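Data first, discussion second: the structure below is written as C-alpha cells.
Residue numbers (the working numbering): 8 to 347.
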C-alpha cells in the first residue's frame with residue numbers, strides 16, 4: 008500500500024474485509040460490498056437528484072435566455088440574468104456538481120479495492136506481493152513482460168491457491184494468510200472470460216447491457232420532454248462498448264461487480280426519480296372568450312348592478328338625512344318646553 012489515494016482506499020478496504028469475513032466467499036463479498044457502499048453513497052445520490060430536479064425546472068427559462076442572446080454567454084447581462092434564474096429556482100451549479108465530484112474518488116476506490124484484494128483485503132505490502140510473484144515463477148509463468156504490478160491480483164490469488172502448500176513451505180506467504188475463496192456459482196472469479204461456449208462469454212455482454220441500461224434509464228428520466236444532446240446519445244452507446252471490451256480483458260470477478268453495481272444504480276435512479284418530485288404547479292384556468300351578445304349582456308348586468316347599488320346608497324342617504332332632521336326637530340321641541 009502507499010500513496011495519497013490510500014486515504015480513501017484503506018477505509019473502504021476495511022468494508023470489503025468485513026464483508027469477506029462475514030461470508031467467506033469473494034463473489035458474495037463483492038455483492039455485499041457493492042450494496043453497502045451504494046447505501047453509504049445514497050445521501051449524495053439524493054442531493055444530486057434534488058439538484059438535477061431544480062436544474063430541469065430551470066431549463067425552459069435557460070433555453071429562452073440562450074435564444075435571446077444567441078449563445079453570447081460573455082455578455083454581462085446574460086450572466087446577470089442566468090444568476091437571477093439560478094437564484095429564483097434555488098439552484099447552484101457548484102452544489103449540483105459537488106455530489107458527483109465527491110462520489111468520483113470513492114467510486115474509483117471501490118474499483119481499486121475489487122481489483123486489488125491482496126493489497127486491501129489481505130493487507131499485503133508491495134514487497135510481499137513481489138516475493139509471491141517471483142516465487143510463482145515470475146515472467147516465466149505470466150509472460151515475458153509481466154511484473155507483479157501488471158499481473159491482476161485475482162490471477163495471483165488463483166495461482167497462490169494452486170501452489171499454496173509449496174509457497175507456504177518456502178515461507179513466502181504471510182503467516183496469517185488464508186486462501187481466498189474465488190468460487191462463485193461454479194465460476195472462478197480469477198479467470199478471464201473466454202470466447203467459448205460457456206457462461207464466461209456471456210458475462211461481458213451482461214456487463215455491457217447493464218451499463219447501457221444505466222445510461223438509457225438515466226437519460227429517459229432526465230430528458231423530461233426535451234431533445235437530447237447528440238453527445239449524450241453517443242455516450243449511451245460508447246460506454247457499453249468500452250465495458251464490453253474491458254469485460255474480456257479483466258477477470259470474471261470484475262464483470263460480476265459491474266453487473267450488480269449497475270443493477271443497483273438503475274434501481275436507485277428509478278426510485279429517487281419517483282420519490283423526489285417537485286410540486287406540480289396548479290393548472291391555469293383559461294378565461295373563456297365571449298361573443299358580442301354575451302359581452303353586451305354582461306355589460307348591461309354590470310350597469311344594472313351599478314344602478315341598484317347607487318339607488319340603495321341614495322335611499323340610505325335620504326333615510327339618514329330624514330333621521331337627522333327628525334332628531335334635530337325633537338331636540339328643538341325639547342328646548343322650548345324647558346324654557347316654558
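Note that the Cβ used here is the ideal one computed from N, Cα and C, for glycine as well. Being a predicted model, the structure only gives us computed values, none of them experimental.
Taking residue 274 as reference, the option from 161, 199, 64 and 225 with the minimal CA-CA separation is 225. Checking the DSSP bridge columns, you'll see residue 205 has no partner listed.
When the Cα atoms are used, residue 256 and residue 44 turn out to be separated by approximately 25 Å.
As DSSP reads the structure, residue 194 sits in a beta bridge with 191.
If one requires a minimum length of 4 residues, the alpha helix (DSSP H) runs lying completely within the stretch 118-154 are 124-127, 133-142 and 146-149, in chain order. Exposed is the label assigned to residue 283, since fewer than 16 other Cβ atoms lie within 10 Å of its Cβ. The stretch 185-199 and the stretch 158-168 touch, with three or more beta-carbon pairs separated by less than 8 Å. Judged by beta-carbon spacing, residue 215 lies beyond the 8 Å limit of residue 260, meaning their Cβ atoms are not closer than that value. Per DSSP, residue 258 lies in no alpha helix (DSSP H) and is assigned neither H nor E.
Residue environment analysis places residue 139 among the buried positions, since at least 16 neighbouring C-beta atoms fall within 10 angstroms of its C-beta. Sorting 116, 278, 144 and 329 by C-alpha distance to the C-alpha of residue 53 places 278 at the top. By the C-beta density criterion, residue 213 is buried, having at least 16 other C-beta atoms within 10 angstroms. DSSP places residue 331 in the helix class (H, G or I) of the three-state scheme.
Here the C-alpha atom of residue 308 lies approximately 16 Å from the C-alpha atom of residue 319.
Taken through DSSP and simplified to helix, strand or coil, residue 95 comes out as helix. Beta-carbon to beta-carbon, residue 112 and residue 11 are separated by about 10 Å, too far to satisfy the 8 Å threshold. With 16 or more other Cβ atoms from the protein chains shown falling within 10 Å of its own Cβ, residue 211 counts as buried. Per DSSP, residue 27 is one residue of the alpha helix (DSSP H) stretching across 13-30.
Apart from sequence neighbours up to five positions away, the residues of its chain that approach residue 57 with a beta-carbon distance below 8 Å are 283, ordered along the chain. Between residue 55 and the set 177, 229, 324 and 151, the nearest pair of CA atoms involves 229. Between residue 41 and residue 27, the gap from beta carbon to beta carbon reaches 8 Å or more. In this structure residue 269 is buried. Its beta-carbon is surrounded by 16 or more other beta-carbon atoms within 10 angstroms. Excluding the 5 residues flanking it on each side, residue 24 has same chain C-beta neighbours closer than 6 Å at 128, in chain order.
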